[in-house]
Amino acid sequence: MMFRIYRFFVPRGPIDFAYKFVLFCTVIVTVNYAFNMAWPHPDGLPHLFIILNGFCVGAPFVGFVFLLVRKQLHLQQELTTRSRTDDLTGLSNRRFFLKQTNALLDDGVEGVLLIMDADHFKAVNDSYGHQAGDTCLVSIGYRLKRALRTDDVIGRIGGEEFGVFLTNTSLDHTGMVCRDLLMPIPFNGGPDHPHLTVTLSMGASAVRPGVSLDQLMQEADAALYRAKANGRNRLEIAFPFDQDPRRRHLGEKSA
Numbered sequence: 016m017m018f019r020i021y022r023f024f025v026p027r028g029p030i031d032f033a034y035k036f037v038l039f040c041t042v043i044v045t046v047n048y049a050f051n052m053a054w055p056h057p058d059g060l061p062h063l064f065i066i067l068n069g070f071c072v073g074a075p076f077v078g079f080v081f082l083l084v085r086k087q088l089h090l091q092q093e094l095t096t097r098s099r100t101d102d103l104t105g106l107s108n109r110r111f112f113l114k115q116t117n118a119l120l121d122d123g124v125e126g127v128l129l130i131m132d133a134d135h136f137k138a139v140n141d142s143y144g145h146q147a148g149d150t151c152l153v154s155i156g157y158r159l160k161r162a163l164r165t166d167d168v169i170g171r172i173g174g175e176e177f178g179v180f181l182t183n184t185s186l187d188h189t190g191m192v193c194r195d196l197l198m199p200i201p202f203n204g205g206p207d208h209p210h211l212t213v214t215l216s217m218g219a220s221a222v223r224p225g226v227s228l229d230q231l232m233q234e235a236d237a238a239l240y241r242a243k244a245n246g247r248n249r250l251e252i253a254f255p256f257d258q259d260p261r262r263r264h265l266g267e268k269s270a
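Heads up: take any position in the sequence shown, counting from 1, add 15, and you land on the numbering used here.
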């Protein structure tokens, strides 16, 4: 509610500023004039003086309020962004990713949920340092944003774990969509190791009637563990789609 009030008070350009400035000054002048009429001065102040006095007193106040409200709106927007965004990668954080995906499921949007994990990420941190690990995660986030569509929901849901909801996508097309994501992702490991790469393992689960997001997460997570066990850098499809052995593995392990 307060956020809407702030947005109403903040001018949205020169014309809107002039309109609101005159409007609020007029309100102040009217109140000042009404007050002086209700309690008239013994010497009888001129009407023009009362009006100008109200404007001169009210105008600086209105301008000051505009500045305060604009600052408050900026802080509100920054807090909202921070509450939704992972600071390192700029992707949605876990809470907002789940909220966005749940909203799409409630609206009946079909799609595929992907859970993916950076392969051998602990070795990156241990061998090259945590700064290199952070750079690695940033590079993964950049690849996800470049390779996927604007309608897809992307989030960092754990340390080196990412979630993607591919909207209006079937399992038959998931391998094609994820082709670029299965390619090695380059990142800078520091002055001594500027050309490192990382790969992703992925598990996918398709939206089905009556299946909750929690169940989709569990299925995709189980498929992710299977991808890790089967050699990493691959996409595995969750039950029940993977009952057909010929269709369990849609991603090819990179050389």
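Using N, Cα and C, we set each Cβ at its ideal position, and we do this for glycine too.
Every value quoted in this text rests on a predicted model; they were computed, and no experiment measured them.
V213 - DSSP class collapsed to helix/strand/coil:
Three-state DSSP puts V213 in a strand.
Go ahead and pull the three-state DSSP assignment for D195.
D195 falls in the helix class under three-state DSSP.
Applying the criterion that 16 or more other CB atoms from any shown protein chain within 10 Å of the CB defines a buried residue, is I30 buried or exposed?
Classification of I30: exposed, given that the 10 Å Cβ count is below 16.
DSSP state of D134 mapped onto helix, strand, coil:
Coil at D134, not helix or strand.
With distances taken from CA atoms, which of G246, E251, R164 is nearest H135?
Per the C-alpha coordinates, the member of G246, E251, R164 positioned closest to H135 is G246.
Check this for me: beta carbons of F180 and L128, under 7 Å apart or not?
A contact, by the Cβ cut-off of 7 Å.
What does DSSP give as the partner residue(s) for T182 in the beta ladder?
T182 is bridged to G126.
What is the rounded straight-line gap between the Cα of F36 and the Cα of S227?
Rounded to whole angstroms, F36 to S227 spans 51 Å at the Cα level.
Write down the C-beta distance between V213 and A133 rounded to the nearest angstrom, noting that I regard them as a contact closer than 8 Å.
Indeed, because the Cβ distance is near 5 Å, the residues count as touching under 8 Å.
Taking all protein chains shown into account, do 16 or more other C-beta atoms lie within 10 angstroms of the C-beta of M1, making it buried, or fewer, making it exposed?
Outside the shown range of the chain, which is 16 to 270, sits residue 1, and nothing can be said about it.
Can you tell me whether P224 is helix, strand or coil according to DSSP?
Correct three-state label for P224: coil.
Confirm, please, whether the CB-CB distance from A219 to I169 is below 7 Å.
In this structure, A219 does not lie closer than 7 Å to I169 by Cβ.
For the putative contact between L197 and L215, defined by C-beta atoms under 8 Å, what is the C-beta separation to the nearest angstrom?
About 7 Å; that satisfies the 8 Å criterion.
So, is Q258 buried or exposed, given that buried needs 16 or more other C-beta atoms within 10 angstroms?
Interpretation of Q258 is limited by its pLDDT of 49, a score under 50 that renders its predicted location unreliable; no figure is taken from the coordinates.
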